[in-house]
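Chains as they are written, first to last, in the numbering used here: chain A, 100 to 313; chain B, 4 to 13.
Virtual Cβ for every residue (Gly too), placed ideally from N, Cα, C.
Only one structure is covered here, and it is reproduced in the block below.
Okay, here's the thing in structure tokens:
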């Protein structure tokens, strides 16, 4: 474990907590893409499938973190699609998730480190996570704005994988550890946030709201 | 060994 991975995971936890708080406190999921949250839930379930296959004692934090990610993302989907369904902005959350899931699944079957079920699921989860934020960014571009709290969520969500890139550089240099698939997907994922990061740093930090087109 | 091939990150 290194500082980059630690802060990356903390940033990821913060993002999940910010979104849950926003929906729970405002009792509304306006401005939140349910499809992105569904895709994230699929990512966690397919990536941490080992938790279900052979029950592991929850002695180490990693297992606990995996369970937190899975339960929090499923609970977020429950809030969006059931509890606060009336506030779900379905018309603007219109990016076709199939256009993300099918290519990720296909690519996972073509480019992977080992052709076995668990590894393919892990690879699918990595590829899907790289593009899972697209429906959310698409929704913001359709509505033309993002609530400040949603911007903070996106900043934390984007920072998590950006910090993981620093973690991979660290591990390459000190542990000569390389996980090419995760690195390439992580770089793509972070690049997708660049436009948002620019808007966040130039606007939200100064107390303004993000309004598109910028 | 498969151990270090295992993906050890979240």
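Residues of the stretch 161–178 of chain A with a C-beta less than 8 Å from any C-beta of chain B: 161, 164, 165, 168, listed in chain order.
Listed as beta-bridge partners of residue 245 (chain A) by DSSP are A:309. Residue 201 (chain A) counts as exposed, since fewer than 16 other C-beta atoms from the protein chains shown sit within 10 angstroms of its C-beta. Excluding its 5 nearest sequence neighbours in each direction, residue 129 (chain A) has C-beta neighbours in its own chain below 7 Å: 186, 188, listed in chain order. The stretch 227–243 of chain A and the stretch 161–180 of chain A do not touch, with fewer than three beta-carbon pairs separated by less than 8 Å. From the beta-carbon of residue 108 (chain A), the residues of chain B found nearer than 8 Å are 13. Using a Cβ distance threshold of 8 Å, residue 266 (chain A) and residue 101 (chain A) count as a contacting pair. The beta carbon of residue 219 (chain A) is closer than 7 Å to those of 207, 208, 211 in its chain, skipping five residues each way along the sequence. Buried is the label assigned to residue 142 (chain A), since at least 16 other Cβ atoms lie within 10 Å of its Cβ. Rounded to the nearest whole angstrom, the C-alpha separation of residue 177 (chain A) and residue 183 (chain A) is 8 Å. Counting C-beta pairs with one atom in each stretch, the stretch 130–150 of chain A and the stretch 224–233 of chain A have three or more that are closer than 8 Å, which means they touch. Contact fails between the stretch 114–122 of chain A and the stretch 191–205 of chain A, because fewer than three Cβ pairs, one in each stretch, are under 8 Å apart. Only those residues of the stretch 215–232 of chain A whose C-beta falls short of 7 Å from the nearest C-beta of chain B are listed: 221. Counting other Cβ atoms within 10 Å of its Cβ, residue 120 (chain A) stays below 16 and is therefore classed as exposed. Taking a Cβ-Cβ cut-off of 8 Å, the neighbours of residue 278 (chain A) in chain B comprise 10, 12, given in sequence order.
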